[in-house]
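Asks:
Number of protein chains: 2
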Amino acid sequence: MGTAGCRLGYSDRVTGHVNGLGRNLDGVRRGNLSTVLRLVHRTGAASRSQITQFTGLNRSTVAALVGELVERELVVENDPEATSRVGRPSPIVTPHRGPVAIAVNPEVDAITVAIVGLSARVDRRVRREVDHPVTPQETAQIVAQELAGLSAELADRRVVGIGLAVPGLVRSADNTVRWAPHLAWTDSAIVPLVEAATGRPARAGNDASLGGWAEHLFGVGRGIDDLIYLNGGASGIGGGVISAGSALGGHRGFAGEFGQNRPGFTDPADQRTVHGTLEDEVSRARLLAVLGIPGGDEAALEAALVNSSTPAVREELARQRRVLAVALSNAINVLNPELVVLGGFLASVYASGPEELERDVAALAVSAAWEGTRIRPAGLGEDRLMIGAAELAFSALLADPAGDF
Amino acid sequence: MGTAGCRLGYSDRVTGHVNGLGRNLDGVRRGNLSTVLRLVHRTGAASRSQITQFTGLNRSTVAALVGELVERELVVENDPEATSRVGRPSPIVTPHRGPVAIAVNPEVDAITVAIVGLSARVDRRVRREVDHPVTPQETAQIVAQELAGLSAELADRRVVGIGLAVPGLVRSADNTVRWAPHLAWTDSAIVPLVEAATGRPARAGNDASLGGWAEHLFGVGRGIDDLIYLNGGASGIGGGVISAGSALGGHRGFAGEFGQNRPGFTDPADQRTVHGTLEDEVSRARLLAVLGIPGGDEAALEAALVNSSTPAVREELARQRRVLAVALSNAINVLNPELVVLGGFLASVYASGPEELERDVAALAVSAAWEGTRIRPAGLGEDRLMIGAAELAFSALLADPAGDF
DNA sequence: GTAATATGTTGTTCGAATCAACAATCAAAA
DNA sequence: TTTTGATTGTTGATTCGAACAACATATTAC
Numbered sequence: 001m002g003t004a005g006c007r008l009g010y011s012d013r014v015t016g017h018v019n020g021l022g023r024n025l026d027g028v029r030r031g032n033l034s035t036v037l038r039l040v041h042r043t044g045a046a047s048r049s050q051i052t053q054f055t056g057l058n059r060s061t062v063a064a065l066v067g068e069l070v071e072r073e074l075v076v077e078n079d080p081e082a083t084s085r086v087g088r089p090s091p092i093v094t095p096h097r098g099p100v101a102i103a104v105n106p107e108v109d110a111i112t113v114a115i116v117g118l119s120a121r122v123d124r125r126v127r128r129e130v131d132h133p134v135t136p137q138e139t140a141q142i143v144a145q146e147l148a149g150l151s152a153e154l155a156d157r158r159v160v161g162i163g164l165a166v167p168g169l170v171r172s173a174d175n176t177v178r179w180a181p182h183l184a185w186t187d188s189a190i191v192p193l194v195e196a197a198t199g200r201p202a203r204a205g206n207d208a209s210l211g212g213w214a215e216h217l218f219g220v221g222r223g224i225d226d227l228i229y230l231n232g233g234a235s236g237i238g239g240g241v242i243s244a245g246s247a248l249g250g251h252r253g254f255a256g257e258f259g260q261n262r263p264g265f266t267d268p269a270d271q272r273t274v275h276g277t278l279e280d281e282v283s284r285a286r287l288l289a290v291l292g293i294p295g296g297d298e299a300a301l302e303a304a305l306v307n308s309s310t311p312a313v314r315e316e317l318a319r320q321r322r323v324l325a326v327a328l329s330n331a332i333n334v335l336n337p338e339l340v341v342l343g344g345f346l347a348s349v350y351a352s353g354p355e356e357l358e359r360d361v362a363a364l365a366v367s368a369a370w371e372g373t374r375i376r377p378a379g380l381g382e383d384r385l386m387i388g389a390a391e392l393a394f395s396a397l398l399a400d401p402a403g404d405f
Numbered sequence: 001m002g003t004a005g006c007r008l009g010y011s012d013r014v015t016g017h018v019n020g021l022g023r024n025l026d027g028v029r030r031g032n033l034s035t036v037l038r039l040v041h042r043t044g045a046a047s048r049s050q051i052t053q054f055t056g057l058n059r060s061t062v063a064a065l066v067g068e069l070v071e072r073e074l075v076v077e078n079d080p081e082a083t084s085r086v087g088r089p090s091p092i093v094t095p096h097r098g099p100v101a102i103a104v105n106p107e108v109d110a111i112t113v114a115i116v117g118l119s120a121r122v123d124r125r126v127r128r129e130v131d132h133p134v135t136p137q138e139t140a141q142i143v144a145q146e147l148a149g150l151s152a153e154l155a156d157r158r159v160v161g162i163g164l165a166v167p168g169l170v171r172s173a174d175n176t177v178r179w180a181p182h183l184a185w186t187d188s189a190i191v192p193l194v195e196a197a198t199g200r201p202a203r204a205g206n207d208a209s210l211g212g213w214a215e216h217l218f219g220v221g222r223g224i225d226d227l228i229y230l231n232g233g234a235s236g237i238g239g240g241v242i243s244a245g246s247a248l249g250g251h252r253g254f255a256g257e258f259g260q261n262r263p264g265f266t267d268p269a270d271q272r273t274v275h276g277t278l279e280d281e282v283s284r285a286r287l288l289a290v291l292g293i294p295g296g297d298e299a300a301l302e303a304a305l306v307n308s309s310t311p312a313v314r315e316e317l318a319r320q321r322r323v324l325a326v327a328l329s330n331a332i333n334v335l336n337p338e339l340v341v342l343g344g345f346l347a348s349v350y351a352s353g354p355e356e357l358e359r360d361v362a363a364l365a366v367s368a369a370w371e372g373t374r375i376r377p378a379g380l381g382e383d384r385l386m387i388g389a390a391e392l393a394f395s396a397l398l399a400d401p402a403g404d405f
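Protein sequences appear in the order of chains A and B. Okay, so the first sequence: first residue is 1 according to the working numbering, each after it adds one. Okay, so the second sequence: first residue is 1 according to the working numbering, each after it adds one.
#1: Who are the near neighbours of residue 218 of chain A in its chain, counting only those whose CB is closer than 7 Å to its CB and skipping five residues on each side?
#2: Between residue 270 of chain A and chain B, is the shortest Cβ-Cβ distance under 8 Å, so that the two count as touching?
#3: Check residue 26 of chain B in the structure and name its three-state DSSP category.
#4: Does any CB atom of chain B fall closer than 8 Å to the CB of residue 388 of chain A?
#5: Just to make sure I have the definition right: I need the residues of chain B whose C-beta is within less than 7 Å of the C-beta of residue 391 of chain A. Which are they?
#6: Buried or exposed for residue 273 of chain B, going by 16 or more other Cβ atoms inside 10 Å?
#7: For my contact list, residue 172 of chain B and residue 249 of chain B are in at a C-beta cut-off of 8 Å; report their separation, rounded to the angstrom.
#8: Looking at chain B, is there any beta carbon in it that lies within less than 8 Å of the beta carbon of residue 401 of chain A?
#9: As a quick exercise: from A:65, A:382, A:165, A:255, pick the residue whose alpha carbon is nearest that of residue 22 of chain B.
#10: Under 9 Å, CB to CB, which of the residues in the stretch 231-257 of chain A have a partner in chain B?
#11: Strictly under 8 Å for the Cβ-Cβ distance: is residue 320 of chain B near chain A by that measure?
#12: What residues in the stretch 273-288 of chain B bring their beta carbon closer than 8 Å to a beta carbon of chain A?
#13: Does any C-beta atom of chain A lie closer than 8 Å to the C-beta of residue 405 of chain B?
#14: Of all the beta strand (DSSP E) runs that stay within the bounds of the stretch 212-260 of chain A, which reach a length of 3 or more residues?
#15: Kindly say whether residue 213 of chain A, judged by its beta-carbon, lies nearer than 8 Å to any beta-carbon of chain B.
#16: Taking DSSP as the reference, what is the three-state secondary structure of residue 187 of chain B?
#17: If you drop the 5 nearest sequence neighbours on each side, which residues of the same chain put their C-beta closer than 6 Å to that of residue 279 of chain B?
#18: CA-CA distance, residue 7 of chain B and residue 396 of chain B?
#19: So residue 330 of chain A and residue 48 of chain B are in contact, right, with Cβ under 8 Å, and what is the actual spacing, rounded?
#20: Using a cut-off of 7 Å between C-beta atoms, extract the partners of residue 381 of chain A located in chain B.
#21: Please report how far the alpha carbon of residue 405 of chain B lies from the alpha carbon of residue 69 of chain A, in whole angstroms.
#22: With 8 Å as the threshold, decide whether the Cβ of residue 335 of chain B is near any Cβ in chain A.
#23: Considering residue 181 of chain B, what are the terminal residues of the beta strand (DSSP E) in which it resides?
#24: Run through the DSSP bridge pairs and tell me what residue 95 of chain B is partnered with.
#25: Do you know how far the Cα of residue 40 of chain A is from the Cα of residue 214 of chain A?
#26: Are the C-beta of residue 169 of chain B and some C-beta of chain A separated by less than 8 Å?
#27: Please classify residue 85 of chain A as buried or exposed, where buried requires at least 16 neighbouring CB atoms within 10 angstroms.
#28: Taking C-beta pairs closer than 7 Å, name the residues in chain B that residue 338 of chain A reaches, listed in chain order.
#29: What is the residue span of the alpha helix (DSSP H) that residue 149 of chain A lies within?
#30: Please tell me whether residue 263 of chain B has its Cβ less than 8 Å away from any Cβ of chain A.
#31: Where does residue 106 of chain A fall in DSSP's three states?
#32: Would the beta-carbon of residue 368 of chain A be found less than 7 Å away from any heavy atom of the ligand ADP?
#33: With distance defined between alpha-carbon atoms, name the residue in B:300, B:314, B:202 nearest to residue 290 of chain B.
#34: From the DSSP output, read off the bridge partner residues of residue 113 of chain B.
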């Protein structure tokens with residue numbers, strides 16, 4: 001059982017009281033139920049004795065906690081596996097099949113809706129193509145329709161809530177979409193719309209931040225409490241910061257906008273724009289242009305990069321690596337992460353010359369800060385956003401498993 | 001009573017168990033004692049009824065908690081003040097005079113030692129000049145000597161511990177000074193040396209990060225849970241990040257090295273160095289050079305800037321403002337702070353043209369991220385580092401007031 | 001087959017917060 | 001000046017959850 005870190009929440013806390021910082025017995029019970037459920041949720045399966053070790057609680061207490069979670073149909077206890085170890089075998093606790101989250105990702109060209117179980121696996125995934133940028137109202141309608149279409153699959157399951165991964169800035173205080181340029185949403189109260197259309201509780205978050213959260217929980221960042229995540233998408237570069245096991249949101253929840261930064265350059269010749277942002281300089285569009293192909297998905301780009309490695313392509317990749325290296329070294333100086341996760345086309349940029357990128361970062365960053373840091377491509381595929389969004393929907397349940405949902 | 005935020009710790013957590021995440025009754029008690037003591041420590045004085053409101057705990061519980069803290073000589077209950085409000089007056093709880101921290105700041109030219117009370121006031125401050133950069137061994141010796149010299153003043157008080165604010169990178173895991181360029185310390189185990197020389201527990205931290213922590217607790221950042229702090233010193237630019245009320249340390253504790261970043265430039269003509277860092281471009285030395293004065297302290301620089309505002313000085317200030325604006329906007333995009341605190345000569349750079357700097361930052365940063373953000377000069381004077389270092393010494397006591405110290 | 005080890009199970013104990021009732025102290029109204 | 005209402009401190013009984021100890025169970029090692 002890998003150590004699952006210490007802080008456990010995506011923008012929620014567990015204290016005794018709803019208001020105030022005091023702790024009481026209720027808070028202890030709630031916190032312990034939450035800790036056990038989170039552990040099972042994250043690891044996928046944990047024996048009772050492992051839970052005892054992890055929590056430091058008494059055997060009998062763990063038995064009571066697991067018992068309550070079983071009663072609430074949140075976890076299942078299975079017969080112990082053969083472990084070839086001395087002592088009485090311990091039953092294996094796994095997430096219950098029942099509870100599910102609905103993950104939603106509205107994009108310019110399509111809205112993706114997925115059913116995600118408490119074991120963080122995407123059970124079903126539907127993609128509804130749209131011929132025009134959808135409004136929040138249309139989005140809510142489509143989500144409701146797709147949900148109705150999935151009713152057969154959801155018959156024997158319990159929908160806990162809906163999580164939306166939105167390509168834009170989401171204000172954490174009220175889950176309002178402050179600005180989503182590609183969808184042309186401004187100050188949109190998407191969450192109440194979705195809640196009204198579906199009759200289910202919803203939450204929204206920034207797509208890239210949720211992707212980073214998913215990588216922290218279930219991807220290459222599993223068990224790593226300090227990481228930064230940068231995702232290269234068609235529309236730019238988004239990101240997220242995990243610090244001490246918690247997602248860093250900032251004052252309003254807008255943190256992680258690495259793509260909008262003004263990059264520094266080690267070589268002035270690398271600069272392609274005037275007053276440009278990182279995502280103007282390091283971009284998918286520039287790679288496609290030099291490759292001479294119109295577009296396509298992530299795999300197509302990766303394949304094209306591998307196949308056609310002309311000098312022009314190699315040089316553009318090298319340039320983007322150099323610019324990225326400055327941006328990463330700055331982030332490493334400020335945040336001192338253990339891991340830098342690169343997703344989308346940034347993973348391709350990294351893959352084109354990992355040693356070169358790492359050498360440049362090492363030269364630029366404070367050497368002590370870089371010492372313990374690694375760079376890795378993202379581990380989760382296209383399920384990343386769905387898993388992150390589902391986590392948002394599960395967050396209330398995970399924070400208070402005994403609440404009414 | 002200003003809301004004192006939610007997360008409460010400088011790199012320490014309050015859970016039930018020493019190991020593991022489980023919560024138990026011991027943890028509840030410890031956490032509540034900690035919360036009450038922290039509140040009194042931060043606010044300087046709080047009535048019992050205010051503590052009740054803040055914690056959300058029952059009156060009788062608060063009475064018991066305060067009673068225990070009184071018994072342990074950590075707080076004092078005084079007669080209520082005349083409040084002109086209905087109802088029975090509530091006694092005022094203030095920090096006890098007894099417990100003190102010893103704050104230490106080793107620098108190239110001197111070692112400063114201070115006595116700081118639980119009310120976060122610097123009671124005494126001694127400065128020992130040195131004619132050569134001191135070694136860790138010499139530092140420990142000097143601290144022990146100064147402490148002996150202060151023994152009369154410490155006679156009726158209880159020294160809780162020693163906190164060192166070191167101008168260098170301090171590894172959080174073992175409090176080792178990884179690298180302090182100006183002191184020429186590398187991988188120095190200063191903490192055990194000080195502990196051996198004084199017989200008291202010690203902790204070390206980065207000076208700028210501790211300054212930021214002090215500003216968050218007692219300066220302009222009081223009550224603000226998301227801020228970034230940049231300090232301009234003679235030797236460069238250091239900083240710290242407070243996120244969700246906790247100091248952001250990163251994986252090893254090296255976070256906050258804003259000064260080592262490679263800056264972006266809105267105008268190529270602003271660049272003075274090749275491959276330079278932010279602290280090469282925005283520096284105290286460049287200001288002194290254009291002013292034509294050799295050195296001096298913070299106040300001298302500020303006075304010189306106010307008096308001699310030649311075009312050359314104004315232009316250098318404007319240039320540094322422009323470069324700083326890019327650096328700040330990048331940090332704001334990534335961290336979305338509510339407040340940016342500028343200390344040292346950076347406060348002077350800001351003061352030379354607050355509107356201009358803010359206008360530039362507004363133009364560069366993601367507008368939504370900048371919206372709720374303010375920039376302010378640091379509020380604490382030269383006591384900042386001493387208060388921050390003392391906080392380090394108090395941290396164990398604050399986390400567990402019932403422990404043995 | 002027996003010993004050793006680890007873990008589940010059960011009933012009891014302990015500790016901390018809560019609650020209710022009462023006392024104390026103030027301001028404002030009568 | 002007295003009365004009323006509001007707020008808070010104080011006290012003893014209650015409640016609830018984790019810890020504990022003793023015992024039961026299941027596995028490996030010899």
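Built from N, CA and C at the ideal position, the CB exists for glycine as well.
Replies: Straight from the coordinates:
#1: Taking residue 218 of chain A as the centre and dropping the five residues before and after it, the same chain places the C-beta of 120, 380, 387 closer than 7 Å to its C-beta, in chain order.
#2: Cβ-Cβ to chain B under 8 Å: no for residue 270 of chain A.
#3: In this structure, residue 26 of chain B counts as helix in the three-state DSSP scheme.
#4: At a cut-off of 8 Å, the C-beta of residue 388 of chain A has no neighbouring C-beta in chain B.
#5: Close to residue 391 of chain A, with beta-carbon spacing below 7 Å, lies no residue of chain B; the smallest spacing is near 18 Å.
#6: An exposed status is given to residue 273 of chain B, since fewer than 16 other beta-carbon atoms sit within 10 Å of its beta-carbon.
#7: Confirmed, about 5 Å.
#8: Closer than 8 Å: no.
#9: The shortest C-alpha separation from residue 22 of chain B is found at A:65.
#10: For the stretch 231-257 of chain A, which is checked against every Cβ of chain B, the residues closer than 9 Å are 239, 241, 243, 244, 246, 248, 249, 250, 251, 252, 253, 254, 255, 256, 257.
#11: So no, residue 320 of chain B is outside the interface.
#12: For the stretch 273-288 of chain B, the set of residues with a beta-carbon nearer than 8 Å to any beta-carbon of chain A comprises 275, in chain order.
#13: Taking 8 Å as the threshold, the shortest C-beta distance from residue 405 of chain B to chain A does not fall below it.
#14: The qualifying runs are 227-233, 236-243.
#15: With a threshold of 8 Å between beta carbons, residue 213 of chain A makes no contact with chain B.
#16: In the structure shown, residue 187 of chain B adopts extended strand secondary structure according to DSSP, grouped into three states.
#17: 236, 237, 259, listed in sequence order.
#18: Confidence in residue 7 of chain B is poor, its pLDDT being 42 and thus under 50, which makes the residue's placement unreliable; the coordinate value appears in the next sentence. So the alpha carbons of these two residues sit roughly 15 Å apart.
#19: In fact, because the Cβ distance is near 48 Å, the residues do not count as touching under 8 Å.
#20: Within 7 Å Cβ-Cβ: nothing; residue 381 of chain A doesn't reach chain B, min ~26 Å.
#21: Roughly 40 Å separates the two Cα atoms.
#22: Closer than 8 Å to some Cβ of chain A, the Cβ of residue 335 of chain B qualifies, so yes.
#23: Per DSSP, residue 181 of chain B belongs to no beta strand (DSSP E) and is neither H nor E.
#24: Looking at the DSSP assignment, residue 95 of chain B forms a beta bridge with B:75.
#25: Using only the alpha carbons, I get a separation of about 16 Å.
#26: Chain A contact via Cβ: present.
#27: Residue 85 of chain A should be labelled exposed.
#28: Result: 251.
#29: Counted as a single uninterrupted DSSP element, the alpha helix (DSSP H) harbouring residue 149 of chain A occupies residues 136-149.
#30: Under the Cβ distance rule, residue 263 of chain B counts among the residues neighbouring chain A, one pair being separated by less than 8 Å.
#31: Three-state result, residue 106 of chain A: strand.
#32: What this structure holds is no ligand at all, so the ligand ADP is not there to describe.
#33: That would be B:314, whose Cα lies nearest to the Cα of residue 290 of chain B.
#34: Paired residues: B:104, B:126.
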